[in-house]
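Undergrad: First the structure, which I've put down as structure tokens, then a few questions once you've had a look.
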Amino acid sequence: MLPGLVGEDRAAPMREGADEVGFTPFYEPDRGRYGINRDLVVPELFDELRALVGSIVERELTLGPVQWLRFRHRDYSLTKTAREVAGPHVEVTVDFSARTTEQAEIVYTDGVESWIVPQLAGSVAIVEREPWLYRYERYLDHRIGDGAVYRARVVLL
């Protein structure tokens with residue numbers, strides 16, 4: 003977890019750009035409810051993440067699927083949500099929200115133990131995912147008001 007890596011000067015244009023391009027509503031009660039965009043491309047961000055994460059995991063990485071996510075009041079994602087990649091990979095989550103909400107934590111679990119990644123505006127979370135490691139994102143309750151949690155989820159192979 004790298005807190006404070008994305009400053010508001012960079013996060014605000016990311017939110018505006020993502021909102022401008024738009025999010026497709028996803029809602030399947032046993033899988034999740036949120037907004038998603040798989041088409042937005044920000045090459046400089048992807049290149050920076052690939053270089054940063056490559057230096058941490060000490061190997062060359064290539065860009066895989068990217069998802070831009072927006073979570074609002076009543077949104078969540080369950081472990082049954084389809085995986086972006088079936089095999090082992092590095093999952094990078096960039097939180098470019100305007101504020102930290104104390105909600106929408108990302109929980110990684112093997113079915114016995116769980117590891118929580120708190121929602122921190124401006125943070126970058128790096129997780130090496132094996133096929134047995136599942137993920138879900140906790141529900142956003144009424145305290146979020148009209149706010150939102152914005153994330154870019156980048157898969158590196």
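If you want the numbering used here, it's the 1-based position in the sequence shown plus 2. Cβ coordinates follow ideal geometry from the N, Cα and C atoms, glycine included.
1. Alpha carbon to alpha carbon, what distance is there between leucine 158 and glutamate 46?
2. Taking the alpha-carbon positions, what's the threonine 95 to glutamine 69 distance?
3. Which value, in whole angstroms, describes the spacing of the CA atoms of histidine 144 and arginine 76?
4. Below 8 angstroms on the Cβ atoms is my guess for valine 2 versus glutamate 93; work out the distance and round it to an integer in Å.
5. I need the straight-line Cα distance from glutamine 2 to aspartate 32, nearest angstrom please.
6. Just to confirm, are aspartate 112 and leucine 135 a CB contact at a threshold of 8 angstroms?
7. Would DSSP call glutamate 130 helix, strand or coil?
8. Using a Cβ-Cβ cutoff of less than 7 angstroms, which residues in the same chain neighbour alanine 29 once the five nearest sequence positions on both sides are dropped?
9. Can you tell me which of Val23, Ala20, Leu54, Gly24 puts its alpha carbon nearest to the alpha carbon of leucine 7?
10. Using three-state DSSP, classify phenylalanine 48 as helix, strand or coil.
11. Determine the closest residue to leucine 65 out of Arg72, Ile58, Phe48, with distance taken between C-alpha atoms.
12. Which of helix, strand or coil does DSSP assign to leucine 65?
13. Among all the DSSP beta bridges, which residues are the ones paired with phenylalanine 163?
14. Looking at serine 99: is its Cβ nearer than 8 angstroms to the Cβ of alanine 150?
TA: Let's see:
1. 15 angstroms
2. 10 angstroms
3. 8 angstroms
4. Only positions 3 to 159 of the chain appear in the structure, and residue 2 is not among them; the question remains open.
5. Any question about residue 2 goes unanswered here, given that the chain covers just 3 to 159.
6. yes
7. strand
8. With the sequence shown as reference, residue 29 is identified as tyrosine, and alanine is not the correct amino acid for it. Excluding sequence neighbours, tyrosine 29 sits near Arg35.
9. Leu54
10. helix
11. Phe48
12. strand
13. Beyond the ends of the chain as shown, which are 3 and 159, falls residue 163; an answer cannot be given.
14. yes
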